[in-house]
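Chains A, B and C, in that order, give the protein sequences.
If you use the numbering used here, the first sequence closes out at 657, no skipped numbers anywhere.
If you use the numbering used here, the second sequence closes out at 359, no skipped numbers anywhere.
If you use the numbering used here, the third sequence closes out at 713, no skipped numbers anywhere.
By construction, the Cβ of each residue, glycine as well, lies at the ideal position given by its N, Cα and C atoms.
To start, the structure itself, in structure tokens.
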Amino acid sequence: MFGKLTLEAFKHEPSQTFAVISMALGGIALIGLIFYLKRWKWLWQEWFTTVDPKRIGIMYIIVALILFSKGFADALMMRMHQALSVGDAHGFLSPGHFQEVFSAHGTTMIFFVGMGMVFGFMNLIIPLQIGARDVAYPFLNALGFWLFASAATLSLVSLAIGRFSATGWLAYPPLSGLEYSPGEGVDYWIWIVQIAGVGTTLSGINFLVTILKMRCPGMKLMTMPIFTWSILCAMVLVIFAFPILTATLCMLTLDRYLGMHFFTVSGGGNLMMYVNLVWAWGHPEVYILILPAFGIFSEVVPTFSEKRLFGYVSMVWALILITFLSFIVWLHHFFTMGASANVNAFFGIMTMLIAIPTGVKIFNWLFTKFRGRVHFDSPMLWFFAFVLNFTIGGMTGILLSAPPVDFQVHNSLFLIAHFHGMVIGGMLFGVFCGFTYWFPKVTGFFLSERLNQYAFWCWFVGFLLAFMPLYMLGFMGATRRLDHYEEATNWNPLFLTVAAGAFIILCGAVIQIYGLFMSIKNRKKNMDLTGDPWNGRTLEWSIPSPPPIYNFAIIPTVDQIDPLWAIKRGQAPKPHYDYEDILLPKNTPMGLYIGILSLIFGFTMTWHIFWLALVSLFGIIGCVIFKLSSPAEHEVITAAEVKEIEAAYLRRSITA
Amino acid sequence: MRLGKKFVRLMLILSGIILLLFLIMQPLTIYKFRDYIAILFPKGIIGVKQLNLLLIIQLLMLLVVIPVYILTFIFSWKYRASNPKGKYDPDLVDNVIAEYIWWGVPCILTLIISVLTWVKTHELDPFKAIASDKKPLTIQAVALQWKWLFIYPEEQIASLNFIQIPKDVPIRFEITADAPMNSLWIPQLGGQIYAMPSMRTELNLIANEFGDFRGSSANLSGEGFAGMHFITRASTEEDYQKWIAAAKQSSNVLNLVTYEQLAAPSQNIAPEIYQLKEQNLFTHIIMKYMHPHEE
Amino acid sequence: MTDFTIHHTPDPQADTSLPDPNQDTFFTTVLGFWMYLMTDCVFFAAFFATYAVLHNNTFGGPSSRELFSLSTAFIETMILLCSSVTCGMAMLAALRGKKNQIIAWLAVTFLLGASFMALELHEFTHLVESGNSWTRSAFLSSFFALVGTHGLHVSIGLLWMFVVTMQVFYWGVTVDTFRRLVVFSLFWHFLDVVWIFIFTFVYLMGVI
């Protein structure tokens, strides 16, 4: 009846119990707050059933922020434990639990924080930048989000019920196979990643079609904003890479559930196949995370330099080249698996090639600043932090791409330092940059500049302190994922330093969260009344903050790069002002229902409660059939209503 | 909203100082921990060659990276909004020569590094025997849960979590696993290679100095994987022969039966030596999962 | 109202404020579905690649030469090809707005598809009962997974076909049902193409 689920699953080690209780309390507090404010109906109508990408984008970011606190807590626990677990001391986490913690850390940060932020920004900004009112498939967009949220919820559930995977964020077999990991952990991981992956693929198709088909008149591909280009390239990566992940996870699932022999030790299985497949997905994945960050910088640097992006065409080709090359470098993740020298050398050289367009981008950004008027508001601070921190990681990436060097530092803390330079120095700083840049546009009020400056310093210094020593530790022979080491290695001083760095980063994150809450609290005093606080250049700054539900009262016509800048300099076609009726897609609860059913499906499959899994699967199929059989419904915003909304906004900005 | 000159100056100076501090810490740390930084102070020719490649690539990369940092600071200062002396040219959006330079120079550098990489990857292929006038010593390494078993087939002994080798003799490791994927790594001697069940990889290393060198497994293989460290002792030929002789006298015997007992999961095992009574043990371990057998 | 969908050429950058919500939907939906088919292509490619790597790992058991019946596979191929033809006939009827013809052709397509599934299930059952189930070797695992994934897609296609046929039955040929017929037929033809690859690389090359 309950499959493998027993009361044992609710027992935890003390450190985990603490986490579960705080999570439960947080959840109860949130639900209590909603009851207190009597906001259930509002939540249902405005958020849970929405198909408006602006709302969906905000929800992605909220989920990403919540999961960030979990992933970051994992990181802090790891570094604290490793600072203590030396010689006769063994820290405060058992080896098994430590391994669950780093597996959860990686899975959470990549799939929920990274992808969540990218998809959040995508939803918020892409329709605005291309002058569209919505995405190509509004319901599919909502569905993609709810699958993402369902997977995120399942990962939180995995903290409370049973154990999570202890096989790392990519779960290599045979360690992740039935023989060596018979428990529910790897199954949790499989369903979490699988559900999230399906959501991502659906959204990838959605935004690719949106960018290709729904740009406003006059916006040719080579006059699109670069952020839009970066998302276009990232979505191409999603479409070609994510199905590989789906298939690979299916194979691992078949091994674990039906006794197949894809990756088992006996039976003729081949573990190297998994490694190849998963990295054939994995490498494009990291470019899916970083390209949007590059796109964000390509928006911010020109705006805050009061100058157009240097070498637009070059930047576009660099993006395309990176996209293409990212499919032929995957083997550099396992040079040490014993391939021939020819194969290793080929992939090493391909990897080095990717560095060229990346370097080109950095130079183009720099020369955008050259002979510009550079303002160091928050977004620009984060760009500055990016250049300083990401470059180090990029440099060590080239070192790693030479197989003989990689033989020494593979799977060591040197590798960890490199890729965190990429994801924190590159992706996360890009996310912070975009967050501070577009926050006024999305919400209608400002973040605190001062608090953001403090956060910048904490992150910049904290990152260096938490990750530079790791390069040295790697050289000292320290492997990743170790829960204990001997005194004689002399690694302890550096592990202590690294833990200190993690705490400085914590300060930065706390300041940011505090700043966010204070901004929300003081929002009436910090309103963005003009809709264009940074003297922007692209279409999203031409509409009010926050944008009305229809985005653009009149779909703009453009004829060059940086269309708003063109308008400001008097070089653009004049807009006309006859308002017409606007049709927008109606809200629907189907996305939420399918998400909930997917959550049940993932949970029951994990625990082998197969009858209930089947029921939820039929439920999903039923919902899909129902939704796809219904006629598309729209709500109308009449021309008169549009006129009134626009007039109200004008009045507000005049009285500023 | 706009920040003044003083802030920008403070930011640039402070971040510059912080970067320089971290830069200075590098040689200081290397000096302080010089006895422990395996990869920078290798004890065998393979490690030396790998380090040389690392240093060359690093130097070439600095040719690109240092200008990036310098330009970042200069441009941030000179073209800050509050500086009336910075020339403002809003239509400077393209420059063919500049593009040629920063596409071209990295291309040339990459070409150089690529050729170097191609050559060195072949030269430092782990499967490639080390040229030497001494006869190579074969050690068969088996990754178990969670310890390393080292079989010396010609000497007919085996050792758990410890190896002794003579200095200046090339060692040919043949590696497999009776466990999930592991990785044999002795950083002071050279790079690693994966140890995989039902498969055989090779690693050729040599110790050119006397000493005890730490080895470990560099791939997560389950709960006890952190305990899979071992010592590689490079000694004189005489000491090595004494150790072999002692092993041959050992009361522990390694045959198919005792091997199965040994292969059962256990953690943090102290080193042990065995007489090898099953000549084809290594082959047997590789073939173990290749045929269906009676359960 | 029968040829509105062929003569109607929506401007991809049309003004979306006009009250015709279906103006753009056809081409946008079809483009999106082609993209989905690309992802399904990559999905199958991963299974093909795995089969290529694992098909000789018989773990002491029988290989493809001993197990596969080319005649059954050939019949399955013919059935599926015919079903593609009948599906195409249904589409021609849809272009002409002939509701009853559509339903008739789709019924035949369904029967053909169901026979394909019956044959395949029979083949699978026979393999399992003779001791050659997917647990026996990596070769058999990858075979069952690849061909089984295709079979699962066909089953979903059958369900989809049923739903779409019901929609045509109740609502006739409208903007929405026509679009759904087009999308379905794309899916059905795609499955046929994938089967050709399976027949070639798994059965033909497995037996030669």
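(request) Have a look at PHE621 (chain C) and VAL659 (chain C) and give me their C-alpha separation to the nearest angstrom. (result) Locating residue 621 (chain C) in the third sequence gives position 116, where the first residue counts as 1. Locating residue 659 (chain C) in the third sequence gives position 154, where the first residue counts as 1. Using only the alpha carbons, I get a separation of about 9 Å.
Nearest residue (CA-CA) to VAL302 (chain A), options A:LEU618, A:ASP563, A:PHE36, A:GLY72: Position 301 of the first sequence, counted from the start, is the residue given in the question as residue 302 (chain A). Among A:LEU618, A:ASP563, A:PHE36, A:GLY72, the Cα nearest to that of VAL302 (chain A) belongs to A:ASP563.
If I measure Cβ to Cβ from GLU218 (chain B) and keep anything under 7 Å in the same chain, skipping five residues before and after, which residues do I get? By one-based count along the second sequence, residue 218 (chain B) stands at place 154. Result list for GLU218 (chain B): THR202, in chain order.
message = Using a Cβ-Cβ distance cut-off of 8 Å, determine whether LYS370 (chain A) contacts chain B.
response = Start at 1 with the first residue of the first sequence, and residue 370 (chain A) comes out as number 369. Judged by the 8 Å Cβ criterion, LYS370 (chain A) is in contact with chain B.
Check your understanding: Within 10 angstroms of its Cβ, does GLY101 (chain A) collect 16 or more other Cβ (buried), or is it exposed?
Key -> In the first sequence, residue 101 (chain A) corresponds to position 100, counting from 1. Gly is not the amino acid found at residue 101 (chain A); the sequence shown has Glu there. A residue is called buried once 16 or more other Cβ atoms fall within 10 Å of its Cβ, and GLU101 (chain A) is buried on that count.
**Message:** Quick check on the burial criterion: 16 or more other C-beta atoms within 10 angstroms. Buried or exposed for ARG570 (chain C)?
**Reply:** The residue given as residue 570 (chain C) occupies position 65 in the third sequence. Exposed, by the Cβ-count rule.
Original post:
Can you give the Cα-Cα distance for HIS98 (chain A) and GLY475 (chain A), rounded to whole angstroms?
Top reply: Within the first sequence, residue 98 (chain A) is the residue found at index 97, counting from 1. Within the first sequence, residue 475 (chain A) is the residue found at index 474, counting from 1. If I take the Cα positions, the gap works out to 23 Å.
Between which two residues does the beta strand (DSSP E) harbouring LEU224 (chain B) extend?
Locating residue 224 (chain B) in the second sequence gives position 160, where the first residue counts as 1. Counting along the chain, the beta strand (DSSP E) containing LEU224 (chain B) begins and ends at 221–224.
Exposure of PHE705 (chain C), with buried meaning 16 or more beta-carbon neighbours within 10 Å: To locate residue 705 (chain C), count along the third sequence from 1; it is residue 200. Going by the sequence as given, residue 705 (chain C) is Thr instead of Phe. Exposed is the call here.
I'd like to know whether the C-beta of PRO226 (chain A) is nearer than 8 Å to at least one C-beta of chain B.
Your numbering for residue 226 (chain A) matches position 225 in the first sequence. The C-beta of PRO226 (chain A) comes no closer than 8 Å to any C-beta of chain B.
Closer than 8 Å to chain C by CB, ALA346 (chain A):
Within the first sequence, residue 346 (chain A) is the residue found at index 345, counting from 1. Judged by the 8 Å Cβ criterion, ALA346 (chain A) is not in contact with chain C.
Open item on the list: Short of 8 Å in beta carbon distance, which residues of its chain neighbour LYS312 (chain B), apart from the five on each side in sequence? Order them along the chain.
Closed with: Your numbering for residue 312 (chain B) matches position 248 in the second sequence. Counting only residues of its own chain and dropping the five nearest sequence neighbours on each side, LYS312 (chain B) has a CB closer than 8 Å to the CB of GLU219, GLN220, ILE221, GLN339.
- Message: Please confirm whether ASP484 (chain A) has its beta-carbon closer than 8 Å to some beta-carbon of chain B.
- Response: Here residue 484 (chain A) refers to the residue found at position 483 of the first sequence. It does; some Cβ of chain B falls within 8 Å.
Next on the checklist: So if DSSP puts LEU201 (chain B) in a beta bridge, which residue, or which two residues, is it bridged to?
Outcome noted: Along the second sequence, read from residue 1 onward, the residue named residue 201 (chain B) stands at position 137. DSSP output for LEU201 (chain B) lists B:ILE235 as bridge partner(s).
Under 8 Å Cβ to Cβ from LEU156 (chain B), same chain only, skipping five residues before and after it: list those, please.
As a first step, residue 156 (chain B) is located in the second sequence; it is residue number 92 there, counting from the start. No residues qualify anywhere along the chain.
Exercise. Under a CB-based cut-off of 8 Å, is PHE564 (chain C) close to chain B?
Worked result: Against the third sequence, residue 564 (chain C) aligns to sequence position 59. Yes, contact with chain B.
Check: Hey, which unbroken runs of the alpha helix (DSSP H) at 4 residues or more fall wholly within the stretch 331–376 of chain A?
Finding: Whole alpha helix (DSSP H) segments, 4+ residues: 342–370.
Can you tell me the Cα-Cα spacing of GLY275 (chain B) and LEU85 (chain B), whole angstroms? Mapped onto the second sequence, residue 275 (chain B) falls at position 211. Mapped onto the second sequence, residue 85 (chain B) falls at position 21. Straight-line Cα distance between these residues: approximately 34 Å.
From the beta carbon of ALA248 (chain A), is the nearest beta carbon of chain C less than 8 Å away?
Residue numbering aside, residue 248 (chain A) sits at position 247 when the first sequence is read from its first letter. Yes, contact with chain C.
Of all the CB atoms in chain C, is at least one closer than 8 Å to the CB of PRO356 (chain B)? Residue numbering aside, residue 356 (chain B) sits at position 292 when the second sequence is read from its first letter. Yes, PRO356 (chain B) lies at the interface with chain C (some Cβ there is under 8 Å from its Cβ).
Checklist entry - Excluding the five sequence neighbours on either side, which residues of its own chain have a C-beta within less than 7 Å of the C-beta of PRO526 (chain C), listed in chain order? => result What you label residue 526 (chain C) is simply residue 21 of the third sequence in a count that begins at 1. Unreliable positioning characterises PRO526 (chain C) in this predicted model, as indicated by a pLDDT of 46, which lies under 50. A coordinate reading is not provided.
For this session: Determine the contact status of VAL187 (chain A) and ARG80 (chain A), defining contact as a CB-CB distance below 8 Å.
Result: As a working note, residue 187 (chain A) is residue 186 in the first sequence. As a working note, residue 80 (chain A) is residue 79 in the first sequence. No, these two residues do not count as a Cβ contact at 8 Å.
### Query
From TRP439 (chain A) to PHE430 (chain A), what distance separates their C-alpha atoms?
Translated into the one-based positions of the first sequence, residue 439 (chain A) becomes position 438. Translated into the one-based positions of the first sequence, residue 430 (chain A) becomes position 429. Cα-Cα distance, rounded: 14 Å.
* To do: Kindly give me the distance between the Cβ atoms of ILE337 (chain B) and ALA310 (chain B), rounded to whole angstroms, as I take these residues to be in contact under 8 Å.
  => Taking the first residue of the second sequence as position 1, residue 337 (chain B) is located at position 273. Taking the first residue of the second sequence as position 1, residue 310 (chain B) is located at position 246. 7 Å between Cβ atoms; contact.
>> Relative to the C-alpha of LYS231 (chain B), which candidate in B:LEU269, B:SER178, B:ASN159, B:LEU224 has its C-alpha closest?
In response: In the second sequence, the residue the question calls residue 231 (chain B) occupies position 167. Comparing Cα positions, the closest option is B:LEU269.
> For LEU127 (chain B), which of B:TYR152, B:ILE138, B:PHE139, B:ILE176 has the nearest alpha-carbon?
Replying inline: Residue 127 (chain B) sits at position 63 when you count from the first residue of the second sequence. Of the candidates B:TYR152, B:ILE138, B:PHE139, B:ILE176, the one whose C-alpha sits nearest the C-alpha of LEU127 (chain B) is B:ILE176.
| Is the stretch 234–241 of chain B close to the stretch 187–207 of chain B, with three or more CB pairs under 8 Å? | Yes, since at least three Cβ pairs between the stretch 234–241 of chain B and the stretch 187–207 of chain B fall closer than 8 Å, the two stretches touch.
Self-check item: Cβ neighbours of VAL330 (chain A) in the same chain (closer than 7 Å, five flanking residues each side left out)
Solution: Position 329 of the first sequence, counting from 1, holds the residue named residue 330 (chain A). The answer, listed in chain order, is HIS284, PHE348, MET351, THR352, ILE355.
query: Which same chain residues, not among the five before or five after TRP141 (chain B), have their C-beta less than 8 Å away from its C-beta?
result: For the purposes of this step, residue 141 (chain B) is taken as residue 77 along the second sequence, with counting starting at 1. For TRP141 (chain B), where only same-chain residues beyond five positions count, the Cβ hits under 8 Å are VAL72, ARG73, LEU76, ASN147.
message: Let's see if you can read the secondary structure: which residues bound the beta strand (DSSP E) around THR296 (chain B)?
response: Translated into the one-based positions of the second sequence, residue 296 (chain B) becomes position 232. It spans 294–299 - the beta strand (DSSP E) in which THR296 (chain B) sits, taken as one unbroken run.
(Q) Check for me: the alpha helix (DSSP H) holding PHE692 (chain C) runs from which residue to which? (A) Numbered from its first residue, the third sequence carries residue 692 (chain C) at position 187. Counting along the chain, the unbroken alpha helix (DSSP H) around PHE692 (chain C) starts and ends at 680–703.
How far does the alpha helix (DSSP H) with LYS211 (chain B) in it extend, from its first residue to its last?
In the second sequence, the residue the question calls residue 211 (chain B) occupies position 147. Note, LYS211 (chain B): premise wrong, no alpha helix (DSSP H); beta strand (DSSP E) at 211–216.
inquiry  = I'd like to check one pair, PHE615 (chain C) with MET666 (chain C): are the Cβ atoms closer than 8 Å?
reply    = The count along the third sequence starts at 1 and reaches residue 666 (chain C) at position 161. The count along the third sequence starts at 1 and reaches residue 615 (chain C) at position 110. Yes, the pair counts as a contact, with Cβ atoms nearer than the cut-off.
Notebook entry, point to check: What is the rounded straight-line gap between the Cα of GLY623 (chain A) and the Cα of VAL616 (chain A)?
Noted result: Translated into the one-based positions of the first sequence, residue 623 (chain A) becomes position 622. Translated into the one-based positions of the first sequence, residue 616 (chain A) becomes position 615. Taking the straight line from one Cα to the other gives about 10 Å.
Check: So the beta strand (DSSP E) LEU584 (chain A) belongs to, where does it begin and stop?
Finding: Mapped onto the first sequence, residue 584 (chain A) falls at position 583. Residue range 583–586 is occupied by the beta strand (DSSP E) that includes LEU584 (chain A).
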